[in-house]
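A quick write-up on the structure given underneath.
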DNA sequence: GTGACTTAAAAGTCATACTTAATCTGCCGG
DNA sequence: CCGGCAGATTAAGTATGACTTTTAAGTCAC
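Chains as they are written, first to last, in UniProt numbering: chain A, 1 to 233; chain B, 1 to 233.
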């Protein structure tokens with residue numbers, strides 16, 4: 001995913017971050033910067049920078065004379081893409097996938113409704129193209145191809161909504177979709193009904209029918225939720 | 001809001017962060033760590049820690065031999081509470097308020113629906129109490145009192161949804177509500193219809209009527225959107 | 001037992017020396 | 001005139017040591 005980190009502090013985070021979100025250091029645990037620095041064989045400066053980043057994600061809190069305390073889960077910046085990635089890579093992946101899917105079910109329909117009135121001609125064209133690509137890859141186990149178009153489809157919808165916060169969720173949706181494909185949380189071939197819905201959403205957006213775009217997208221996300229219920233109850 | 005920052009790097013961020021989000025250093029600008037360190041009269045180490053934090057928010061990117069480059073807005077972690085606060089304090093506050101209100105309109109109805117099935121008895125009681133508090137403070141310019149109950153109401157809904165990501169939006173909603181009260185984006189007294197809706201939502205959640213809770217909350221958020229349209233078109 | 005004083009531990013800050021990598025310059029050959 | 005390679009240059013990255021500040025915790029007197 002994230003190639004090889006260029007800087008030392010980033011390489012430290014690559015293992016320290018997942019360790020924390022994964023529960024290796026449960027909330028309340030206290031770490032010492034110096035010890036960590038030794039453990040990871042980096043200088044204190046590097047470790048301090050790493051801690052600063054963790055702190056900005058509200059994963060830890062640093063207090064004088066105490067150390068670096070792991071904060072309770074409720075404090076974590078669960079919207080931070082990095083944190084999301086770490087958690088998706090860890091043990092509570094199913095829980096995380098559910099949270100994200102619920103979030104999608106709230107956001108995407110509204111985004112699609114907005115997209116119907118805001119999308120540019122290019123974005124409409126892109127949507128149609130993605131829908132076509134999905135159809136073309138919907139049979140015969142061509143999951144990778146399907147996934148690419150699926151991701152691009154949802155990314156485009158979110159971006160076309162014209163809301164920057166929605167747009168920023170494109171990466172999150174991509175992670176979720178990728179996750180369910182790569183971890184076989186999806187049947188061999190995608191659900192034909194879902195494919196059809198995507199085609200129709202593209203159509204609705206093109207025709208500026210906000211209500212229909214919203215409703216159809218809602219059905220897509222409801223489908224995603226049900227799929228989760230079936231496979232990871 | 002954030003009292004006096006305890007650490008130097010945090011105090012640097014207090015002015016450097018808003019400066020970046022506020023456009024004082026437009027995307028593409030290049031800063032030099034050493035210069036900044038001199039400017040802020042801190043050591044290089046401290047400035048480096050500050051830069052690391054900005055980097056983790058995807059506000060800047062640091063490259064060797066080049067410097068610290070301000071990234072384009074699309075890259076920013078717009079869900080980071082800190083970034084949200086900085087932007088709300090700056091010039092594009094109206095734009096930001098709109099983004100957040102749209103986000104609320106997507107998330108809160110779904111959250112309320114979930115809350116109807118997930119809320120504990122205590123949470124139901126808290127909701128009712130908040131609704132009562134809102135009614136009690138809805139007349140005679142008692143905006144501050146009203147605001148407190150309003151915030152707590154929405155926080156409780158989001159938390160009761162059982163979705164950690166929704167729960168984390170409590171702070172964001174609080175900022176939005178506070179913002180519209182303190183910046184007079186609200187009429188002298190709150191809209192009576194809105195007050196009634198809150199009472200009814202509390203009722204629907206108590207009665208486990210998910211569909212009704214969702215629909216009523218949708219009306220609240222639509223109201224908030226319309227209010228924005230009227231006051232900041 | 002309570003309160004004031006002391007101690008020590010760990011983070012915070014600063015200064016400096018040194019390393020690394022990317023950009024830029026300019027030379028050279030084609 | 002152009003294209004590419006080589007070395008110079010620059011700004012970030014890393015390491016380390018000395019010193020400061022905060023504060024938990026322990027101690028002693030009352």
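Glycine included, C-beta positions come from ideal geometry on N, C-alpha and C. Note that the structure is a prediction, hence the values are computed from the model and not measured.
Legend entry - Where residue 105(A) meets chain B, residues with beta-carbon distance less than 9 Å: 110
Inset, instruction - Would you tell me roughly how many angstroms separate the C-alpha atoms of residue 25(A) and residue 71(A), rounded to the nearest one? - result: 10 Å
Inset, instruction - For residue 9(A), count neighbouring C-beta atoms within 10 Å of its own C-beta (all shown protein chains included) and say buried if the count is 16 or more, exposed if not. - result: buried
Inset, instruction - Within its chain, find whatever has a CB closer than 8 Å to the CB of residue 163(A); leave out the 5 residues flanking it on each side and keep chain order. - result: Closer than 8 Å at Cβ, skipping near neighbours: 111, 114.
Legend entry - Under the three-state DSSP convention, the category residue 101(B) falls into: helix
Inset, instruction - Let me know if residue 52(A) comes out buried or exposed under the rule of 16 or more other beta-carbons within 10 Å of its beta-carbon. - result: buried
Legend entry - Closer than 9 Å to chain B by CB, residue 153(A): no
Inset, instruction - Name, in chain order, the residues that DSSP records as bridge partners for residue 61(A). - result: 69(A)
Inset, instruction - For the alpha helix (DSSP H) holding residue 207(A), just list the boundary residues, first then last. - result: Premise fails: residue 207(A) is in no alpha helix (DSSP H) and is neither H nor E.
Legend entry - CA-to-CA distance, residue 78(B) to residue 190(A), given in whole angstroms: 32 Å
Inset, instruction - Take the Cβ of residue 154(A) as the centre, count every other Cβ of all protein chains shown within 10 Å, and call the residue buried at 16 or more, exposed below. - result: Residue 154(A) is buried by the Cβ-count criterion.
Inset, instruction - Report yes if the C-beta distance between residue 107(A) and residue 103(B) is below 9 Å; otherwise report no. - result: Yes, they are a contact pair.
Legend entry - Distance, residue 177(B) Cα to residue 86(B) Cα: 16 Å
Inset, instruction - Report the rounded CA-to-CA distance for residue 35(A) versus residue 50(A), giving the unit in angstroms. - result: 13 Å
Inset, instruction - Tell me whether residue 30(A) sits in a helix, a strand or coil according to DSSP, three-state version. - result: strand
Legend entry - For residue 120(A), three-class secondary structure by DSSP: coil
Legend entry - the region 83-99 of chain B contacting the region 88-96 of chain A, beta-carbon criterion three pairs below 8 Å: no
Inset, instruction - Grab me the residues of residue 27(B)'s own chain with a C-beta within less than 7 Å of its C-beta, minus the 5 sequence neighbours each way, in chain order. - result: Cβ within range, chain order: 70, 71, 72, 73.
Inset, instruction - For residue 183(B), name the three-state secondary structure that DSSP assigns. - result: coil
Inset, instruction - Please go through the same chain and pick out, in chain order, the residues whose beta-carbon is closer than 7 Å to the beta-carbon of residue 147(A), but skip the five residues on each side of it. - result: So the list reads 177, 178, 181, once near-sequence residues are dropped.
Legend entry - Contacts that residue 165(B) makes with chain A (C-beta to C-beta distance below 8 Å): Near residue 165(B) (Cβ distances below 8 Å), the residues of chain A are 78, 79, 99, 100, 102, 103.
Inset, instruction - State yes or no: is the C-beta of residue 82(B) within less than 9 Å of the C-beta of residue 47(B)? - result: no
Legend entry - Whole-angstrom C-beta distance between residue 12(A) and residue 67(A), which should lie under 8 Å: That belief does not hold up - the Cβ atoms of residue 67(A) and residue 12(A) are roughly 17 Å apart, past 8 Å.
Legend entry - residue 1(A) (DSSP reduced to helix, strand or coil): Residue confidence for residue 1(A) is low, a pLDDT of 49 falling below 50, so the modelled location carries little weight; the figure read from the coordinates is stated next. In the structure shown, residue 1(A) sits in coil (DSSP, three-state: anything other than H, G, I, E or B).
Inset, instruction - Would you kindly check if the distance between the Cβ of residue 43(B) and the Cβ of residue 225(B) is under 9 Å? - result: no
Legend entry - Pairwise C-alpha distance: residue 138(B) and residue 195(B): 7 Å
Inset, instruction - State the start and end residues of the unbroken alpha helix (DSSP H) segment that holds residue 142(A). - result: Looking at the DSSP string, residue 142(A) is not in any alpha helix (DSSP H), and its letter there is neither H nor E.
Inset, instruction - For residue 217(B), collect the residues of the same chain with a Cβ closer than 6 Å to its Cβ; drop the 5 residues on either side in sequence, then sort them by chain order. - result: 108, 109, 112, 201
Legend entry - Under 9 Å between C-beta atoms of residue 157(B) and residue 205(B): yes
Inset, instruction - Please report how far the alpha carbon of residue 210(B) lies from the alpha carbon of residue 174(B), in whole angstroms. - result: 23 Å
Legend entry - When 32(B), 76(B), 135(B), 203(B) are compared against residue 116(B), the one with the closest alpha-carbon: Selected option, being the one with the closest Cα: 203(B).
Inset, instruction - Please check if any C-beta of chain B sits within less than 9 Å of the C-beta of residue 9(A). - result: With 9 Å as the cut-off, residue 9(A) counts as an interface residue toward chain B.
Legend entry - is_contact[residue 73(B), chain A] using C-beta, thresh 9 Å: A Cβ of chain A is located within less than 9 Å of the beta carbon of residue 73(B).
Legend entry - C-beta contact flag for residue 100(B) and residue 134(A) at 9 Å: no
Inset, instruction - Consider the Cβ of residue 53(A): report whether some Cβ of chain B lies at a distance smaller than 9 Å. - result: yes
Legend entry - Contact with chain A by residue 16(B), beta-carbon distance below 9 Å: For residue 16(B), no CB of chain A lies under 9 Å from its own CB, so it is not counted at the interface with that chain.
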